[in-house]
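The numbers in the working numbering rise by one with no breaks, and the one at position 41 of the sequence shown is 172. Backbone N, C-alpha and C fix where the C-beta goes; we use that ideal spot for every residue, glycine too. Single-structure report; data block below.
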Amino acid sequence: MSPMHALDDLQKSLCRLTQKGVAMPIAGIPYWLVMLLLGQLLATPTASLVMILGQAAVFPVGLGISRFLRTPDFFAKDHPLSTLGGYLAATNGLLLPIAVFVHELNPAWTPLFIAVTGGAHFLPFAWLYQSRGYMVLSLGLVLGAVVVAITAHTQAYSAIPVIAITASLIGVTMIRGELRRLFGRG
């Protein structure tokens, strides 16, 4: 077997074990719904802090969703690509100090920062899971947030969450379709 076929087989087995990690973008949907609501109710500096700190809830919510979806092995503990997946997943957490800096500099830019870094975070998963859904999710988040920043930055706390929810729903629908085509389950 060629190295490329072996890698392809490893990626497919990781997809099966983790269900392409679909629980995490699903968990992002309630996060953005809450941020949409709180962005309308709270003053911008407070909404910015809540948006930054609220990200901490996405991972445990995603784990709960993965259990609900009966994901065979979300962490793929014994899989050769699991360490790579873990490193890719951890990148967003490493950006927390920059999020705090953005908040201190100008809290109005926090939704843009969270959406762009979240979208960029999902891009490598398009390769890892051989997934167009992750590509659409990533590009939808990044490009949508940038368009809002350019055209309607004063509406960032309402428009960016709507874009994030929309990109997430489309991406998740595509990922679940990919899972159904691959494994008859999604």
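{"query": "In this structure, does DSSP put Y162 in helix, strand or coil?", "result": "helix"}
{"query": "Taking M266 as the reference, give the member of H136, E309 and E235 with the closest Cα.", "result": "E309"}
{"query": "Kindly indicate which residue of G224, R263, A158 and L215 has the alpha-carbon position closest to the one of V192.", "result": "A158"}
{"query": "Here's the rule I'm using: 16 or more other beta-carbon atoms within 10 Å means buried, otherwise exposed. How should L365 be labelled?", "result": "Summary: the structure shown does not reach residue 365, with the chain confined to residues 132 through 317, and so no result is reported for it."}
{"query": "Which of the three DSSP states is assigned to V153 in this structure?", "result": "coil"}
{"query": "If you drop the 5 nearest sequence neighbours on each side, which residues of the same chain put their C-beta closer than 6 Å to that of L145?", "result": "A207, H210 and L212"}
{"query": "Could you check whether F314 and R147 sit closer than 7 Å to each other, using their CB atoms as the reference points?", "result": "yes"}
{"query": "Can you check the segment 262-312 for any alpha helix (DSSP H) of at least 4 residues that lies completely inside it and give the ranges in chain order?", "result": "263-282"}
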